[in-house]
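To keep things clear, I will list the structure first and then write my remarks on it.
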Amino acid sequence: MLGLCLGLAGTLWAQVPTEHFTLAWNHSIEKIRWEEDYQLTPQGLVLVEARVKGTGAGMEIPDDAVFNNGSWHYRPKLPTLPKLTLGRTPEAGDYDLCFANRKSEASCYPLAYWIGKPEKQQAKVEVWGCELIRTPQYPD
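First residue of the sequence shown: 1, per the UniProt record's numbering; consecutive thereafter.
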């Protein structure tokens, strides 16, 4: 089964049993919510859609974005990504991983749920698609 792996420099820290997820965070300065929907494939991560609640420093809305349900929705034109490298510091706050739970409801949990709180000494994490080596459980 394909899942989402979390770690750094080839070291696996945790696995999440999902092939679809939303990566969400609040902009560190503007405090505006960003969300990106990903599909895992054997080739890597496919960014399917992105949403942002508003504009601000470094937060330009693409020309083809559509405003719907309080957010600007758009489809980034990116190739399949082998992995994402995310900066994580206590000052910026954490990322959320959102996915359908066992009841098919959307649930969001901070990355800290799986890998601990952001620390200055370990200021980044990588996420990639991988074959699950064990069957981790979804949070309740």
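Idealized CB from N, CA, C, for every residue including glycine.
By Cβ distance below 6 angstroms, which residues in the same chain neighbour residue i in space, the five residues on each side in sequence not counted?
i	result
V66	H73
Pull up the distance between the alpha-carbon of residue i and that of residue j, whole angstroms please.
i	j	result
G44	T22	15 angstroms
E35	L86	14 angstroms
Y38	A92	22 angstroms
G7	D64	34 angstroms
I115	W13	7 angstroms
R75	K53	15 angstroms
H27	P118	15 angstroms
I32	P17	28 angstroms
A123	N68	34 angstroms
A106	H20	11 angstroms
Y95	L4	14 angstroms
M59	W25	13 angstroms
Kindly list the residues whose CB is nearer than 8 angstroms to the CB of residue i, restricted to its own chain and excluding five residues on each side of it in sequence; keep chain order.
i	result
L78	L47
On the criterion of 16 or more Cβ atoms from any shown chain inside 10 Å, does residue i qualify as buried, or is it exposed?
i	result
T41	exposed
A112	exposed
G70	exposed
A50	buried
Q15	buried
Do you know whose CA, among the options, lies nearest residue i's CA?
i	options	result
C108	W114, E49, F99, E30	F99
L84	A9, R51, M59	A9
Which residues in the same chain as residue i place their Cβ atom closer than 7 angstroms to its Cβ, once the five residues preceding and following it in sequence are excluded?
i	result
T55	I61
Jot down the residue ranges of each uninterrupted beta strand (DSSP E) in the stretch 73-124, minimum 3 residues, whole runs only, in chain order. 84-87, 96-100, 106-110
Segments assigned beta strand (DSSP E), at least 3 residues, entirely inside the stretch 29-68: 33-41, 44-52, 66-68
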